[in-house]
Each structure stands twice: as C-alpha cells, then as structure tokens.
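Going down the list, the sequences are from chains A and D.
FYI, the numbering for the first sequence is 1 to 305, going by this note's numbering.
FYI, the numbering for the second sequence is 306 to 671, going by this note's numbering.
The beta-carbon is built from N, C-alpha and C at its ideal position, and this holds for glycine as well.
These numbers were taken from a predicted model, which means no experiment stands behind them.
Reviewing the structure listed below.
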Amino acid sequence: MSDILLISILSGAVLSGTPLLYATLSEMLSERTGVINLGLEGIMLIGAVVGFVTTVKTGNHALGIIAAAFAGALFNMIFAFMVITRKANQLASGLALMFCGVGLSALIGAPFIGSRIEGLGAIAIPLLSDIPFLGRVFFNYDILVYLAIPTAVVIWWFLFKTRWGLSLRAVGENPTAAYAAGKNPYLLQYQVLFIAGLLGGIAGAHLSLALAHTWAEWMTAGRGFFAVALVIFAKWHPLRAIAGALLFGGAISLQLQMQAQGVPVSSFLLDMLPYVLSLVVLALWGGARRSAVPGSLGRVFQGTE
Amino acid sequence: MKKTVCLTLKGMVFLTIAALALGAGLPATAQGQEKLKVGIIHIGSINDAGYNQAHSEGVQVMKKNLPNVEVIQAENIPEGADAERVMENMIKQGAKLIIPASFGYLDPALKIAKKYPDVKFVHPGGYKRAPNLGTYWASTPEAFYLAGIAAGRTTKTNKAGYVVALPISFFLANINAFHLGARSVNPNFETRVVFMGTFLDAPKEAIAANALLDMGVDVLGVIVDSPITVVQAAERRGAFSVGYHYLGAQKFAPKGWITGIAFTWGELYTRFAKAVMDGSWKSEAVFGNLASDYLTIAPFGSVVPADAVKLVNSTRQEFLAGKKDVFQGPLKDNRGVERVKAGESFPLQGIGKMDWLVEGVIGQPK
Numbered sequence: 001m002s003d004i005l006l007i008s009i010l011s012g013a014v015l016s017g018t019p020l021l022y023a024t025l026s027e028m029l030s031e032r033t034g035v036i037n038l039g040l041e042g043i044m045l046i047g048a049v050v051g052f053v054t055t056v057k058t059g060n061h062a063l064g065i066i067a068a069a070f071a072g073a074l075f076n077m078i079f080a081f082m083v084i085t086r087k088a089n090q091l092a093s094g095l096a097l098m099f100c101g102v103g104l105s106a107l108i109g110a111p112f113i114g115s116r117i118e119g120l121g122a123i124a125i126p127l128l129s130d131i132p133f134l135g136r137v138f139f140n141y142d143i144l145v146y147l148a149i150p151t152a153v154v155i156w157w158f159l160f161k162t163r164w165g166l167s168l169r170a171v172g173e174n175p176t177a178a179y180a181a182g183k184n185p186y187l188l189q190y191q192v193l194f195i196a197g198l199l200g201g202i203a204g205a206h207l208s209l210a211l212a213h214t215w216a217e218w219m220t221a222g223r224g225f226f227a228v229a230l231v232i233f234a235k236w237h238p239l240r241a242i243a244g245a246l247l248f249g250g251a252i253s254l255q256l257q258m259q260a261q262g263v264p265v266s267s268f269l270l271d272m273l274p275y276v277l278s279l280v281v282l283a284l285w286g287g288a289r290r291s292a293v294p295g296s297l298g299r300v301f302q303g304t305e
Numbered sequence: 306m307k308k309t310v311c312l313t314l315k316g317m318v319f320l321t322i323a324a325l326a327l328g329a330g331l332p333a334t335a336q337g338q339e340k341l342k343v344g345i346i347h348i349g350s351i352n353d354a355g356y357n358q359a360h361s362e363g364v365q366v367m368k369k370n371l372p373n374v375e376v377i378q379a380e381n382i383p384e385g386a387d388a389e390r391v392m393e394n395m396i397k398q399g400a401k402l403i404i405p406a407s408f409g410y411l412d413p414a415l416k417i418a419k420k421y422p423d424v425k426f427v428h429p430g431g432y433k434r435a436p437n438l439g440t441y442w443a444s445t446p447e448a449f450y451l452a453g454i455a456a457g458r459t460t461k462t463n464k465a466g467y468v469v470a471l472p473i474s475f476f477l478a479n480i481n482a483f484h485l486g487a488r489s490v491n492p493n494f495e496t497r498v499v500f501m502g503t504f505l506d507a508p509k510e511a512i513a514a515n516a517l518l519d520m521g522v523d524v525l526g527v528i529v530d531s532p533i534t535v536v537q538a539a540e541r542r543g544a545f546s547v548g549y550h551y552l553g554a555q556k557f558a559p560k561g562w563i564t565g566i567a568f569t570w571g572e573l574y575t576r577f578a579k580a581v582m583d584g585s586w587k588s589e590a591v592f593g594n595l596a597s598d599y600l601t602i603a604p605f606g607s608v609v610p611a612d613a614v615k616l617v618n619s620t621r622q623e624f625l626a627g628k629k630d631v632f633q634g635p636l637k638d639n640r641g642v643e644r645v646k647a648g649e650s651f652p653l654q655g656i657g658k659m660d661w662l663v664e665g666v667i668g669q670p671k
C-alpha cells in the first residue's frame, strides 16, 4: 500500500470520525447520568442547520460553531424538561425529539439550501504539517478536529477526577443514593444534558461546515444513532470513545477508498463494513465487564418522597 | 402533547405546499382558454441545484408560457403513503395534471391514477403506464459522451472520478458513455467510480470526493440528487468538475467547471399542460435524446480548450444525424468480457439492461 493511499484513508478516518466523536461524547455524558437520549440525531441536525445558517448570514465560522452548540443545548433542554421535570419515558421522548429536530431543521434550512459558504478551512500547523506523511495525517485539519480529542480528555478528567464527575456518575448508578448523599439528581442531569446538547450541536456543525459545506435535509443520515452504538462500543468511557470514533470513521473512509482504488468487492458489501465491524467487536467484547453500564440507565428517577 | 406538536411540525415541513395562484388575477376572458391546475411533488428541496431544482424550474417556465396555469408545489415528500396523500390533496384542490417528480413515486402515482381516472399524470423515468399516466425521460448517454470529450481534453492527470448514488443500469450507462467519450480523445484516460449507496449523504460524498482526489483524479463527476458537495470539493482542491441535472450548478465551481448534463423541462411541461387543456393528451412514453429541447449540455467553462468545444459540437451533429453510436463495438467490460462485437453497437433503448462497466473504468458494477 502506497503512502498516498494510507494518508488518504487515515485523513478520511479522522474527518468522518470527528463528528462521530463529538456525538459519542454527548451521548456518553447523558448516559453517565442515567439518561439515554435517542434524540441525538435531532440535536445534530439542529446544530448542522443553525451552524450553516449563521455562517451564511455572518460569514464567520466561529459564530456558526458557537450558535450551533447553543442551539443544540437549548434544543436538548426540551428533552431534559420532558424526562427530568415531567418524568416522561426517555426512549419515547428521545424519538419525539429526533423527529422534531428533523422537521425543525428542515424548516429553518429550507430558504438556505443552495447557499454558498466558505467551508471551515484546514489550519495547517506550521512546521509540523510539513513533515512528510505525518504532517497531512495529523496536522492539517479544521479547528474542530484539533479540539475533538482534547474535549474527550477534558470530559474524562471531569468524569473521573472531579467531585462533580463523581456526583454525576453516582446519579447515573443510583440516583436515590446520590440524593441521600446530598446531591440534587435533577440539577446534575440538567447540567449534563446542557453540555451534551452543546457537543451534539458541534457534531452537527462539523458535518455541515467542515465536511459537506452545505445544508441538506437529514444530512446526519443516522450518525446520531451510530453514536448511541459507539457509546456501548466504548463502554461508556471517553478515552475509548476516541478509538471507537476513529475506528468507525476509518471503516467508512476505508470502504470509499477501496472503491476509489478499484478493489474487486461489491460496493454493497463494502457499505456494510462499519456495521460488520461493530458486530465483530460486540461479539469479541460482548460478555466482558458488563458493569460498565450505568446502573440506572433509562430509568426515571421518581424522587424519594 | 409534545410529540403531537412535533409531528405536526414535521408534517408542516414535509408539506410546504406553495400554492402560487398567478392566473387568478387575470380576467376570465383571456381568450376563453380553460384554466389548469398542475400539481408537482418533489422528493427533496427545490433549491438543491440538482435533480429537484431542474423539475421545479420546469414548472416555472411552464407557468410563464401559460398564464392560465396554476401550480401547486410540494417539497420533501417521502415516497410511499405520504406521496399518495399529497397527490390526493392536490387533486382535491382541483389539480388536473400531476407530476410526481421522483422515480419512487411511480407506484403511489399509479394507485392514485386508478382512483381518479379524469386526472392526468406524467412520471419521469417510469417503466409502467396507465391510461391516464404517461412517462417521460431522455436518453442521456450521448450527452455524457460529449461531456466525456470535454473532460478528456481538459484533464491534466488523465483521470476522472465519479461519485454515484447506486450501481443501477442507467447510471452505469452514463459512466460508460462518459468514459468512452473521454477515451475517444484521450486514450490513456481512466475513470474511477465510487458508489454512495444513497442519493443524499453530503458528508459521505465529501469523504468520497477527497478519496478520489487523493487518487490523483483531476475531474470529478457526480450522479446524486444534489451536486453541490462534490462540485465544491473539486473546486476547493483545484480540480475540474462535470455536473448533472441542473444548469445552475456551475455557480459552485466557477473556476473548475467543465460542463454539465442538464434537463430543461419547461417546454415539455408546457406541451403536457396544453395537451391536457385542449383534450389531446394521451398516455405515452416520451423518451427524448440530444435533439429534444429538454436535454442539454450546460455551458462550457473557460478551462475547456476551444478546439474541444468544437469537437463536442461536431460529435453532437454526428449523433443527431444518426451517424454515430455511443456504444459502438468492439467493447469489453472492465473484467475483460466482450460485451459488444465489432461492427455492432449496443442500442440506447436497451441500456436498462446494462450491468457492466466498460474497460478502463475502475469500479464494481454490482
């Protein structure tokens, strides 16, 4: 395999893995506090469209990304209100949120389809990006790519090295016990869902601003659900999520690259590659360390009175 | 409650029906001509610079030609039960001609056509008809061959890449034609194909476009619903691009634009509407070609050498005069199997059966 080919596969893996990583981190945080959010797809769509529209209007990518993040967070607050305050079923509310996001994003985006933006450009890191091979693979991306792995590390640090993270995980394992220990599960869940919304919005913004450079209805094409699966793959751990997102981004990139190469395998089979990979991984890792699942995942904390 | 609100909202979006009543303001005496309501439903957005926008512009031209025609337009209608519902809704609003403008609307349209025998339907690319449902499309391989000539003379690396939705026969025929056109002027030309598995996944199209560009192609072509992502990806990396469906796509690649194969449905839609109004409409399978007024090669970009444009035009004349065939034998497929014998040619009417990619195309047809 030539260097060019390897570089192409790896950089494709990083590019398609980045929105997956943000989305996976978003879902993981939610699930760590016991809230499973199937509405992630909708949040990403809201982020994608708000990021795009803001960039069209202002010509400023930074504003676009920030607007996308906050739009995602606000949108997720609807979900938070439903499942925390109203104690609604998480799965049903999540799916409702997803459809809501599909419709709302299409409505917002309709007048902007076909608008042109300058895509979020690659920032070549001086000197480092000139290193043959490594430069292109590691040091020639847009800002959201550079921030993705640090974000995962920061989340890991918060989750496992701070009191806030400890309380948050306690709520995910057993909200009643956390409540008895003087924590407010509702407040913590609201905080976490806000942050998860920010991350979901950023994931969407990366799709529309950095990858596609355009807005199209339902452009997430299932990536939000992919992230739900990736959380399981990563066993609810932020650092493993990095490997997971890159691996699955790599599977997508690899299959397209194999087609461009002319590898004599049906495109239908190649298209299945990421999904086959997830089955293989689940089969290999399936039984081990079940305890990684947050204890109260999907359950509604009813209070203690 | 929230669920209901959201689903209603979704419904509203999927049903952005814009009723444009132009004829309403005119005096009823206008030559005593009958009024006609035409309903058109689209699978995607009418601003996609691609498939849907081409259809939408078609009805706008029709409206301009026939002030007595009123248009009801609906975007983003999923294929299936939703499409049936929207068509019925349009008929209840008085539409007498329905254009279900997506391949997958064929069966829903046939169902509704049976229910409303006095309403006429015209379907793009349909392979079934009914007494009140006709079809229309145009044979595109000749146009792709011409675009191939332009690309073959413009490329510097002698390599093109095509980002294509699915390996279906009509698309394979287009790619083959493009490649043969390019080879006719550039014997070293190669064409690489990447199939998406879907008509709309812009982020994936971007990764595919980059993968092709990394392989050294400097011409990108595209057969998906919206060409925006791929054409922009080519432009960004200094490559050339060949569009499809819609004339206006070149605004996304002002520098690298070679040409595009585009549909201009306006005059055809005008004829349909006229025929429905004067009662002469009958169910037929309209199948045009380069000579038709609804298939064109979009303007050539400045990167195309002048003599290449000349060659394209002279080849076009040969096609029109019937002196030249796109799939002229001998032709082998890209696995070395002989597909068309020397002295024979593959008929354009038969491309629905084309399940192979021609020699020199790198890609898997199945």
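Alpha carbon to alpha carbon, what distance is there between A:Ser30 and D:Gly453? 52 Å
Checking contacts by CB at 9 Å: is A:His61 closer than that to chain D? no
From the DSSP secondary-structure annotation, give me the bridge partner or partners of D:Gly526. D:Tyr467 and D:Val547
Count the other C-beta atoms from every protein chain shown that fall within 10 angstroms of the C-beta of A:Ile45, then say buried if there are 16 or more, exposed otherwise. Looking at the sequence itself, residue 45 of chain A is Leu, so the reference to Ile does not match. Classification of A:Leu45: buried, given that the 10 Å Cβ count is 16 or more.
Return yes when the Cβ of A:Val56 is within less than 9 Å of the Cβ of A:Phe139, no when it is not. no
Check whether the region 37-54 of chain A touches the region 109-123 of chain A, taking contact to mean three or more Cβ pairs, one atom from each stretch, closer than 8 Å. yes
Specify the secondary structure class of A:Asp3 as computed by DSSP and reduced to three states. helix
Let me confirm a value: D:Thr575 is counted as buried when at least 16 other C-beta atoms fall within 10 Å, else exposed. Which label applies? buried
So which residues of chain D does A:Met219 contact, with C-beta pairs closer than 8 Å? Leu505, Asp506, Ala507 and Pro508
Report the residues of the region 557-587 of chain D with a CB closer than 9 Å to any CB of chain A, ordered along the chain. Phe557
Does any C-beta atom of chain A lie closer than 9 Å to the C-beta of D:Phe483? no
Alpha helix (DSSP H) containing A:Ile143: first to last residue? Ile143 to Lys161
Give me, in chain order, the residues of the same chain whose beta-carbon lies closer than 6 Å to that of D:Ala329; leave out the 5 immediate sequence neighbours on both sides. Summary for D:Ala329: the model assigns pLDDT 39, below 50, so the residue's position carries little reliability, and this model does not support an answer.
Status (buried if at least 16 other CB within 10 Å, exposed otherwise) for D:Arg541: buried
Determine the extent of the beta strand (DSSP E) in which D:Pro405 is found, giving its start and end residues. Leu402 to Pro405
Length of the line joining the Cα atoms of A:Ala292 and A:Gly172: 11 Å
For A:Gly121, tell me which candidate among A:His213, A:Ala234 and A:Val276 has the shortest Cα-Cα distance. A:His213
Tell me, to the nearest whole angstrom, how far the beta carbon of D:Lys509 is from that of A:Ile202; I am working on the premise that it is less than 8 Å. With 8 Å as the limit, D:Lys509 and A:Ile202 do not qualify as a contact, their Cβ atoms being about 19 Å apart.
Which residues of chain A have a Cβ atom closer than 7 Å to the Cβ of D:Leu517, listed in chain order? Ala260
In terms of alpha-carbon separation, which member of D:Lys587, D:Asn618, D:Val591 and D:Asp612 lies closest to D:Ile602? D:Asn618
Partner residues on chain D for A:Gln257, Cβ-Cβ distance less than 7 Å: Ala516
Partners in chain A for D:Phe500, counting only beta-carbon separations shorter than 7 Å: Gln259 and Ser267
With D:Gln378 as the anchor, note down where its beta strand (DSSP E) starts and where it stops. Val374 to Ala379
Contiguous alpha helix (DSSP H) assignments of at least 4 residues, all confined to the region 231-261 of chain A: 238-261
Nearest residue (CA-CA) to A:Ile125, options A:Leu187, A:Ile195 and A:Gly135: A:Gly135
Whole-angstrom Cβ separation of A:Thr234 and A:Met28, contact assumed at under 8 Å? Per the sequence shown, residue 234 of chain A should be read as Ala rather than Thr. Right, the Cβ-Cβ distance comes to about 7 Å (below 8 Å), so this counts as a contact.
Give the DSSP bridge partners of D:Pro429, in chain order. D:Tyr441
Please state if the CB of D:Ile403 and the CB of D:Ala376 are separated by a distance shorter than 9 Å. Per the sequence shown, the amino acid found at residue 376 of chain D is Val instead of Ala. In this structure, D:Ile403 does not lie closer than 9 Å to D:Val376 by Cβ.
Complete alpha helix (DSSP H) runs within the region 161-230 of chain A (minimum length 4 residues, chain order): 163-173, 175-180 and 185-205
CB-CB under 7 Å to A:Leu21, same chain, minus the five flanking residues each way: which ones, in chain order? Ala148, Ala152, Ala241, Ile242 and Ala245
Anyone know if the C-beta pair for D:Asp519 and A:Ser8 falls short of 9 Å? yes
Tell me the rounded alpha-carbon separation between A:Ile4 and D:Tyr450. 31 Å
For A:Ile131, count the other beta carbons within 10 Å of its own beta carbon; 16 or more makes it buried, fewer makes it exposed. Which is it? exposed
For A:Thr162 and A:Val53, what's the separation of their Cα atoms in angstroms? 37 Å
Please name the residues in the region 460-488 of chain D whose beta-carbon is closer than 8 Å to at least one beta-carbon of chain A, in chain order. Gly466 and Pro472
Determine the extent of the alpha helix (DSSP H) in which D:Phe449 is found, giving its start and end residues. Pro446 to Thr459
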